[in-house]
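Taken in order, the sequence shown gives residues 47 to 265; the numbers are from my numbering.
Backbone N, C-alpha and C define an ideal beta-carbon position, used for all residues, glycine too.
This report refers to the structure that appears directly beneath it.
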Amino acid sequence: MTDVVLPCRNEAPALPDLLARMPAGYRAIVVDNGSTDGSAAVARACGAEVISVAEPGYGAAVHAGVLAAAPDDGVVCVMDADGSFDPGQLPAVARPVRAGEADLATGRRRPSARGVWPLHARAANAILAGRLRRTTGLAVHDIGPMRAARRDGLLALGLRDRRFGYPLELLIAAGRAGWRVTEIDVDYLPRAAGTRSKVTGTALGTARAIRDMSRVLAQ
């Protein structure tokens with residue numbers, strides 16, 4: 047069994063379909079991070095394990111989910127809970143890690159339709175990925191929110207960022223640790239109706255993410 051950490055803040059409309067499409071052998075852990083729309087109750091009704099994290103921030107939610115995971119095969123996945131990714135592609139992302147070909151596999155977003163990935167967010171991602179390549183030498187092109195790694199290895203990296211800088215800190219730490227990192231193309235889908243991105247949904251959200259990630263790069 048492979049545990050899938052789903053950081054969640056006000057994603058109730060997306061959860062029923064998302065959880066219903068979780069592939070066989072993958073167990074959802076929904077990490078409720080201060081939702082006010084009943085996301086936790088919806089997730090429980092759909093049969094998912096739910097944990098609540100009071101500390102706000104994407105990194106806080108992911109870290110709590112990784113701590114709660116107890117995957118039978120040692121591999122833990124992380125994926126946004128807003129419906130913008132197909133859980134059916136999790137096995138493809140996890141496969142290189144499970145096969146011992148990579149220590150970390152990240153999803154490289156491929157938009158499925160025009161407008162799925164707003165220009166301001168795509169540009170910010172490209173700038174950060176370029177800086178990351180120069181800093182670490184890793185051949186990555188996306189600071190993506192879908193990934194797979196071994197749980198013990200993730201915890202051993204000692205990641206400290208608890209906000210939007212977490213994904214970038216992970217890649218920097220992986221590069222410094224000599225991890226083999228690979229990118230897997232994944233579909234980037236329209237978010238579920240009734241949900242809104244905390245990052246790409248607004249220029250302000252993107253600016254906050256860039257601020258958090260720039261702090262990580264400056265360390």
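Would you report the Cα separation of residue i and residue j, rounded to the nearest angstrom?
| i | j | result |
| --- | --- | --- |
| Arg-73 | Ala-194 | 14 Å |
| Arg-168 | Arg-156 | 11 Å |
| Thr-228 | Ala-89 | 31 Å |
| Ile-173 | Leu-235 | 22 Å |
| Val-112 | Ala-70 | 20 Å |
| Glu-95 | Ala-116 | 12 Å |
Determine the burial state of residue i: buried for a count of at least 16 other Cβ atoms within 10 Å of its Cβ, exposed for fewer.
| i | result |
| --- | --- |
| Arg-222 | exposed |
| Gly-211 | buried |
| Asp-188 | buried |
| Ile-218 | buried |
| Ala-140 | buried |
| Gly-176 | exposed |
Counting only the same chain and skipping the five closest in sequence on each side, list residues whose C-beta sits under 8 Å from that of residue i.
| i | result |
| --- | --- |
| Arg-55 | Asp-78, Asn-79, Gly-80, Ser-81, Ser-85, Ala-107, Lys-244 |
| Ala-323 | One cannot answer for residue 323 here, as it falls past the ends of the chain, which runs 47 to 265. |
Excluding sequence positions up to five away, which residues of its chain have a Cβ less than 6 Å from the Cβ of residue i?
| i | result |
| --- | --- |
| Pro-213 | Ile-189 |
| Ala-114 | Ile-75, Ile-97 |
| Ala-220 | Leu-150, Val-227 |
Using C-beta distances below 7 Å, list every residue in its chain close to residue i, excluding the 5 sequence neighbours before and after it, in chain order.
| i | result |
| --- | --- |
| Arg-209 | Gly-103, Tyr-104, Gly-105, Asp-258 |
When every heavy atom of the ligand NAP is checked, does at least one fall within less than 7 Å of the C-beta of residue i?
| i | result |
| --- | --- |
| Val-76 | In terms of ligand content, the structure shown is empty, and the ligand NAP therefore cannot be addressed. |
Taking the continuous beta strand (DSSP E) assigned at residue i, which residues delimit it?
| i | result |
| --- | --- |
| Pro-59 | Unbroken run through Pro-59: none, as it is neither H nor E. |
Taking residue i as part of the alpha helix (DSSP H), name the residues at either end of that continuous run.
| i | result |
| --- | --- |
| Gly-221 | 212-222 |
| Leu-205 | From DSSP, Leu-205 is part of no alpha helix (DSSP H); its letter is neither H nor E. |
Ranges of the alpha helix (DSSP H) found wholly within the region 106-171, counting only runs of at least 4: 136-144
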